[in-house]
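> Position 84 of the sequence shown, counted from 1, bears residue number 84 in this note's numbering, the numbering being contiguous throughout.
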Amino acid sequence: MTIRVNGAELALDQKEGASLGEVLAAADELLEKAGTVIVALRVDGAEVDAESYGAVARRLVAEVAAVDIRAEDSSEIRMRAIRSFLELLARAKAVCENDQAETLWAELRAKVREAREGFGGLFPADELSFVRLFDELLERYGDQPDQGARIELSAQAGRISAFFGERLAELYDPRREMMTAASLFESRASELADIPILLQTGKEDQAMKVVLYFIEVFNKVIRVLPELRKAGIDTSAVSIGGVALPDFYGSFNDVLRELIGAFERKDAVLIGDLAEYEVLPRMREFFAAMREALPGS
Numbered sequence: 001m002t003i004r005v006n007g008a009e010l011a012l013d014q015k016e017g018a019s020l021g022e023v024l025a026a027a028d029e030l031l032e033k034a035g036t037v038i039v040a041l042r043v044d045g046a047e048v049d050a051e052s053y054g055a056v057a058r059r060l061v062a063e064v065a066a067v068d069i070r071a072e073d074s075s076e077i078r079m080r081a082i083r084s085f086l087e088l089l090a091r092a093k094a095v096c097e098n099d100q101a102e103t104l105w106a107e108l109r110a111k112v113r114e115a116r117e118g119f120g121g122l123f124p125a126d127e128l129s130f131v132r133l134f135d136e137l138l139e140r141y142g143d144q145p146d147q148g149a150r151i152e153l154s155a156q157a158g159r160i161s162a163f164f165g166e167r168l169a170e171l172y173d174p175r176r177e178m179m180t181a182a183s184l185f186e187s188r189a190s191e192l193a194d195i196p197i198l199l200q201t202g203k204e205d206q207a208m209k210v211v212l213y214f215i216e217v218f219n220k221v222i223r224v225l226p227e228l229r230k231a232g233i234d235t236s237a238v239s240i241g242g243v244a245l246p247d248f249y250g251s252f253n254d255v256l257r258e259l260i261g262a263f264e265r266k267d268a269v270l271i272g273d274l275a276e277y278e279v280l281p282r283m284r285e286f287f288a289a290m291r292e293a294l295p296g297s
């Protein structure tokens, strides 16, 4: 059986007696690792859709002559999906401000529901939660939302737009967004060293907010790193304090988990030590290494 991806033949092990579904699953895994997503499938010239896939997948490889797969870059697909949703949010804000727009609410609700269902497999859980939130708000207020509902919908549309705008920027220009993360860190780095003082003066909530801020900065880093690799930057070659990036990432995650655990136990001494002597220097070393690896960003 010949397997072609976007017209180029794909060399893939095909075990005797294997089903087409098993081979396609292996191809899908291989393409996913390469940062692409299967968007169309033809078997022996016949297009395969969601309804017919089950029967096709049960066929034996020996019964099939050719499989043609069309795959697209996963980041490009996500960018299109995000742009589409941002357009919906912009339209929602416009409808909220238009007193004569009652006839548009049903259409808007239908399009947001379509986005929720269609983008479910493209968005990670945190992004999908915002799509669901807006869909549920529209459903709650129906076709004739009052002024208070319109104000809330407009505000939520603005907040969600800002969230997705950042995610779009991370996909579009990961170099710049990594440097943005570095700037976010540097702008408040001194606050990590101040955590022991906050705890000693009974300001636990403020100390926790500082920790969560830096965890969010590191979460941004985690999202951007795969996009840097897709952009041709060998992030695995980056060394932080003599430690390879994958090993640094694993050890730093352990530190963050220990820090959260210390907060749960209200261990002020350990919190202060981890923030000042583990998190702060490690993040400084990480962003210094990133600046060296991404000159001109």
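We put the beta carbon where it would ideally sit given N, CA and C, even for glycine.
(1) Quick check: the Cα distance between Lys15 and Ala65, rounded to an integer number of angstroms?
(2) Quick one: measure Cβ to Cβ for Ala115 and Ser161, integer angstroms, because I've assumed they're closer than 8 Å.
(3) For Val211 and Lys203, what's the separation of their Cα atoms in angstroms?
(4) From Thr201 to Arg175, what distance separates their C-alpha atoms?
(5) By Cβ distance below 8 Å, which residues in the same chain neighbour Glu97 in space, the five residues on each side in sequence not counted?
(6) Identify every residue that forms a DSSP beta bridge with Ala66.
(7) Using the DSSP secondary-structure output, state which residues sit across from Thr36 in a beta bridge.
(8) Have a look at Gln144, Phe163, Asp49 and flag the residue whose alpha-carbon is nearest the alpha-carbon of Ser129.
(9) List the DSSP bridge partners of Val243.
(10) Specify the secondary structure class of Ala18 as computed by DSSP and reduced to three states.
(11) When DSSP labels each residue in this structure, what does Glu97 get in the three-state scheme?
(12) Among the candidates Leu274, Ala244, Val238, Ala169, whose CA atom is the shortest distance from the CA of Phe214?
(13) Taking just the CA atoms, how far does Arg42 sit from Leu24?
(14) What's the C-alpha gap between Leu31 and Ile77?
(15) Is it right to say Gln144 is buried, meaning 16 or more other beta carbons lie within 10 angstroms of its own, or is it exposed?
(16) Measure the C-alpha to C-alpha separation of Asp254 and Phe248 and round it to an integer number of angstroms.
(17) Who are the Cβ neighbours of Pro196 in its own chain at under 6 Å, not counting the five residues just before and after it?
(18) With distances taken from CA atoms, which of Arg113, Val95, Met179, Ser190 is nearest Asp146?
(19) To the nearest angstrom, report how far apart Tyr261 and Gly158 are at their CA atoms.
(20) Between the Cα of Glu47 and the Cα atoms of Met290, Ser251, Ile69, which residue gives the shortest distance?
(21) Specify the secondary structure class of Arg58 as computed by DSSP and reduced to three states.
(22) Taking Ser19 and Arg59 to be in contact with their CB atoms under 8 Å, please state how far apart those CB atoms are, rounded to whole angstroms.
(23) Give me the Cα-Cα distance between Asp13 and Ala182, rounded to the nearest whole angstrom.
(24) Please state whether DSSP places Val48 in a helix, a strand or coil.
Working from what's here:
(1) In this model, Lys15 and Ala65 are separated by some 15 Å (Cα to Cα).
(2) No, Ala115 and Ser161 are not in contact; Cβ-Cβ is about 14 Å, not under 8 Å.
(3) Between the alpha carbons of Val211 and Lys203 lies a distance of about 13 Å.
(4) Going by the C-alpha atoms only, they are around 40 Å apart.
(5) Annotation for Glu97: Arg150, Ser154 place their beta carbon closer than 8 Å to its own, counting only its chain and skipping 5 residues before and after.
(6) Ala66 is bridged to Thr2.
(7) Note: Thr36 sits in a beta bridge opposite Asp73.
(8) Checking every option, the nearest Cα to that of Ser129 belongs to Phe163.
(9) DSSP, once it has assigned bridges, lists Ile240 as partnering Val243.
(10) It is coil, neither helix nor strand.
(11) If DSSP states are grouped into helix, strand and coil, Glu97 belongs with coil.
(12) Of the listed residues, the one whose Cα sits closest to Phe214 is Leu274.
(13) Distance between the alpha carbons of Leu24 and Arg42 is about 12 Å.
(14) If you draw a straight line from the Cα of Leu31 to the Cα of Ile77, it is about 14 Å long.
(15) Around the beta carbon of Gln144, a 10 Å sphere encloses fewer than 16 other beta carbons of the protein chains shown; the residue is thus reported as exposed.
(16) So the alpha carbons of these two residues sit roughly 10 Å apart.
(17) For Pro196, where only same-chain residues beyond five positions count, the Cβ hits under 6 Å are Gly272.
(18) Nearest to Asp146 by alpha-carbon distance, out of Arg113, Val95, Met179, Ser190, is Val95.
(19) The sequence shown places Gly at residue 261, rather than the Tyr named in the question. Rounded to whole angstroms, the separation of the alpha carbons of Gly158 and Gly261 is 34 Å.
(20) Cα-wise, what sits closest to Glu47 is Ile69.
(21) Arg58 falls in the coil class under three-state DSSP.
(22) Sure, about 7 Å apart at Cβ, within 8 Å.
(23) Distance between the alpha carbons of Asp13 and Ala182 is about 43 Å.
(24) Here Val48 sits in coil by DSSP.
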